[in-house]
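Enquirer: In my numbering, the protein residues as written are 51 to 385.
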Amino acid sequence: MTTQEELQNTINDMVDNTRGILAADESNPTIAKRFDSIGVESTENNRRDYREILLTTEGLGDYISGIILFEETLAQKDDQGTLLPELAVQQRIVPGIKVDKGTGALPGAPGDKITYGLDGLADRLSGYKSQGARFAKWREVYPISHHNPSVLGLSANAEMLARYAAVCQEVGVVPIVEPEVLMDGEHDINRCAQVTEQVLHAVFEALVRHGVALELMLLKPNMVLPGKACLTQASSKEVATKTLRVLRRCVPAAVPSINFLSGGMSPEQATENLNALNQLATSPPWQLSISYGRALQQPALQAWQGDNRNRAATQAALLKRARLNSLAHQGQYRT
Ligand code: 13P
């Protein structure tokens, strides 16, 4: 099989018109924060138990086609000795891996950020691939302020995403390209639209320049939303209209699927907004689907409470959100 065929097979297994991606790739500091919210200590064993419960949810593969894992999870096993990525495969869910190493300040661009992890990436990807990962995720983060993102921030972050995506495709791993414009702040929805458009424009310019095959990648963007502290919040209809306009301007039709992050939207909001998008966009060139972390997991985490006797309730909560988002992907969700 050529690398091209390998990438295409992975896209075929991940992209359809009903299923989406579950992001369960929280780094250890991030999962510690999530566990903290339910008073559970983040030990390796607790992380394994929780993620094993998510992965063995019966029927999850009806709604979820891919799962993003953290490095540690690739090597963890359930009590019967089955590797956790294998549990995903058994449900027709493609395992993937977060490969970036988090963010820091971008020198020369106060307020902007940059993501680490390019050094040695090809070797790391080959290792993850041998552990079963068929796709990868890399996130660049863009805070909004009066002067952010700067021109330098836009180009430097785009360059990172393009270099990462090119390395992934070279080793036969499908890249999820994730430029996240943050919801933090008082800015209004139009400012988010303006920044998201600048970001996506720069990202696709860099992807093309680096020779990334747009047919063999997935885009994971934010929706266009007002800042969390903005006094004027937006309806699903407005979010959908403004998000779709930016996507149509910036995302080439060659990209097979757009899988949104949830980024701090409530689970209900995230489903309603996706539904509004799919109702508005009659026959868009790309799938409009999910790659939600919190919006899929929050109710499941609340149900779990660190107690494995709550297994059934945890799985029911996850399955419910997955099912409702699948309906929203088809524009058929009803509140
Ligand atoms: P959220 O949906 O919680 O934003 O997480 C998605 C993700 O993978 C961020 O990188």
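Every residue, glycine too, gets a C-beta built ideally from N, C-alpha and C.
In this text, all values refer to a predicted model and were calculated from it rather than measured experimentally.
Give me whichever residues DSSP pairs with N309 in a beta bridge.
Expert: Position 259 of the sequence shown, counting from 1, holds the residue named residue 309. In the DSSP output, where bridge partners are listed per residue, N309 has S339.
Enquirer: Jot down the residue ranges of each uninterrupted beta strand (DSSP E) in the region 175-221, minimum 3 residues, whole runs only, in chain order.
Expert: Entirely contained in the region 175-221, the beta strand (DSSP E) runs reaching 3 residues are, in chain order, 185-192.
Enquirer: Label M51 either buried or exposed according to how many other C-beta atoms from any shown protein chain fall within 10 Å of its C-beta, with 16 as the threshold for buried.
Expert: In the sequence shown, residue 51 corresponds to position 1, counting from 1. Classification of M51: exposed, given that the 10 Å Cβ count is below 16.
Enquirer: Please state whether DSSP places I117 in a helix, a strand or coil.
Expert: Looking up residue 117 in the sequence shown gives position 67. It is a strand residue.
Enquirer: How is the beta strand (DSSP E) around E228 delimited, first residue to last?
Expert: What you label residue 228 is simply residue 178 of the sequence shown in a count that begins at 1. E228 -> beta strand (DSSP E) spans V224 to V231.
Enquirer: Which residues in the same chain as M233 place their Cβ atom closer than 7 Å to its Cβ, once the five residues preceding and following it in sequence are excluded?
Expert: For the purposes of this step, residue 233 is taken as residue 183 along the sequence shown, with counting starting at 1. Excluding sequence neighbours, M233 sits near L275, G277, K278, G313 and G314.
Enquirer: By alpha-carbon positions, which one of I239, L257, Y178 and K179 ends up nearest to V296?
Expert: Numbered from its first residue, the sequence shown carries residue 296 at position 246. Comparing Cα positions, the closest option is I239.
Enquirer: The ligand 13P and S339: does any heavy atom of the ligand fall closer than 6 Å to the residue's C-beta?
Expert: Taking the first residue of the sequence shown as 1, we reach residue 339 at position 289. For the ligand 13P, not one heavy atom lies less than 6 Å from the Cβ of S339.
Enquirer: Where G343 and G70 are concerned, what is the direct C-alpha to C-alpha distance, given to the nearest angstrom?
Expert: Indexing the sequence shown from 1 puts residue 343 at position 293. Indexing the sequence shown from 1 puts residue 70 at position 20. Cα to Cα, G343 sits roughly 11 Å from G70.
Enquirer: Compute the Euclidean distance between the alpha carbons of P306 and D173, then round it to the nearest angstrom.
Expert: Position 256 of the sequence shown, counted from the start, is the residue given in the question as residue 306. Position 123 of the sequence shown, counted from the start, is the residue given in the question as residue 173. Going by the C-alpha atoms only, they are around 27 Å apart.
Enquirer: Which residues have their C-beta within less than 5 Å of a heavy atom of the ligand 13P, listed in chain order?
Expert: Result: A73, R189, L311, S312, G313, Y342, G343 and R344.
Enquirer: How long is the line joining the alpha carbons of I19 and A252, rounded to whole angstroms?
Expert: Residue 19 cannot be examined here, being either before or after the span of the chain that is shown, 51 to 385.
Enquirer: Pick from N59, Q54, N67 and L72: whose alpha carbon is nearest that of A345?
Expert: In the sequence shown, residue 345 corresponds to position 295, counting from 1. Of N59, Q54, N67 and L72, the residue nearest in Cα terms is L72.
Enquirer: Which value, in whole angstroms, describes the spacing of the CA atoms of E265 and N323?
Expert: Reading the sequence shown from its first residue, position 215 is the one you call residue 265. Reading the sequence shown from its first residue, position 273 is the one you call residue 323. Straight-line Cα distance between these residues: approximately 25 Å.
Enquirer: Sort R184, D86, S92 and E76 by Cα distance to T60 and report the nearest one.
Expert: Residue mapping note: residue 60 aligns to position 10 of the sequence shown, counting from 1. Among R184, D86, S92 and E76, the Cα nearest to that of T60 belongs to R184.
Enquirer: Applying the criterion that 16 or more other CB atoms from any shown protein chain within 10 Å of the CB defines a buried residue, is G116 buried or exposed?
Expert: Position 66 of the sequence shown holds residue 116. Flag for G116 reads buried.
Enquirer: DSSP three-state call for I71: helix, strand or coil?
Expert: Stepping through the sequence shown from its first residue, residue 71 is reached at position 21. Note: I71 maps to strand in three-state DSSP.
Enquirer: When we look at the beta-carbon of L281 and count the other beta-carbons within 10 Å, is it buried (16 or more) or exposed?
Expert: Stepping through the sequence shown from its first residue, residue 281 is reached at position 231. L281 comes out exposed.
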